[in-house]
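Step one of this worksheet: look at the structure below.
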Amino acid sequence: MTRAIVLFGHGSRDAQWRAPMDEVARRIRSRVAQVDVRCAFLELDRPALPDAIAELVEAGAGSIRVVPMFLGAGRHAREDLPRIVEHCRHEHPTVTIELEPFVGEDARLLDLIATLALE
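Each residue of the sequence shown is one higher than the one before, counting from 28 in this note's numbering.
Encoded structure:
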């Protein structure tokens with residue numbers, strides 16, 4: 028496996044909180060079987076991002092896209108996440124690790140949310 032995606036969220040003690048992220052991961056897998064998809068979390072849930080990336084590298088990933096599942100760019104998205112990704116790049120220098128914009132920056136998602144609110 029050469030391509031991988033990590034859906035990154037804050038995390039919660041409530042197990043139901045992660046259900047939408049797990050569902051996004053399932054939908055990605057159903058569309059492209061050749062892409063390994065994992066969920067990872069900043070805190071309160073497992074795995075942590077460095078652990079998920081290490082697992083993907085061990086499984087043979089040559090490139091990893093980290094997709095922050097945040098609607099807004101709070102401190103975690105602006106400061107903590109880039110620092111963690113940079114650490115992972117240092118730990119795995121032969122792997123390309125891309126940090127995508129957080130999902131709340133995508134106009135398509137914002138349009139969908141507006142549509143849902145108006146229905």
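Just so you know, even glycine gets a beta-carbon here, dropped at the ideal spot from N, CA and C.
Distance check for Ala-141 and Gly-87, CA to CA, integer angstroms please. Numbered from its first residue, the sequence shown carries residue 87 at position 60. Numbered from its first residue, the sequence shown carries residue 141 at position 114. C-alpha separation (whole angstroms): 39 Å.
Need the endpoints of the beta strand (DSSP E) that Thr-123 sits in, please. Along the sequence shown, read from residue 1 onward, the residue named residue 123 stands at position 96. It spans 123-126 - the beta strand (DSSP E) in which Thr-123 sits, taken as one unbroken run.
Sub-8 Å separation of Val-94 and Leu-34 beta-carbons: Looking up residue 94 in the sequence shown gives position 67. Looking up residue 34 in the sequence shown gives position 7. For Val-94 and Leu-34, yes; Cβs fall inside 8 Å.
Pull up the CB-CB distance for Cys-66 and Ala-46, whole angstroms please, since I reckon it's below 8 Å. The residue labelled residue 66 in the question sits at position 39 within the sequence shown. The residue labelled residue 46 in the question sits at position 19 within the sequence shown. With 8 Å as the limit, Cys-66 and Ala-46 do not qualify as a contact, their Cβ atoms being about 10 Å apart.
Kindly give me the distance between the Cβ atoms of Val-64 and Arg-56, rounded to whole angstroms, as I take these residues to be in contact under 8 Å. Taking the first residue of the sequence shown as position 1, residue 64 is located at position 37. Taking the first residue of the sequence shown as position 1, residue 56 is located at position 29. That pair is a contact at about 6 Å.
Taking Leu-76 as part of the beta strand (DSSP E), name the residues at either end of that continuous run. The residue labelled residue 76 in the question sits at position 49 within the sequence shown. No beta strand (DSSP E) contains Leu-76, which is instead part of the alpha helix (DSSP H) from 76-85.
What would DSSP say about Gly-99, mapped onto helix, strand or coil? The residue you call residue 99 lines up with position 72 of the sequence shown. Three-state DSSP puts Gly-99 in coil, outside helix and strand.
Can you tell me the Cβ-Cβ gap for Leu-126 and Val-112, rounded? I've got them flagged as a contact below 8 Å. The count along the sequence shown starts at 1 and reaches residue 126 at position 99. The count along the sequence shown starts at 1 and reaches residue 112 at position 85. Going by Cβ atoms, the distance from Leu-126 to Val-112 rounds to 5 Å, so yes, they are a contact pair.
Between Gly-101 and Val-122, is the Cβ-Cβ spacing less than 8 Å? Position 74 of the sequence shown, counted from the first residue, corresponds to residue 101. Position 95 of the sequence shown, counted from the first residue, corresponds to residue 122. Cβ atoms of Gly-101 and Val-122: not closer than 8 Å.
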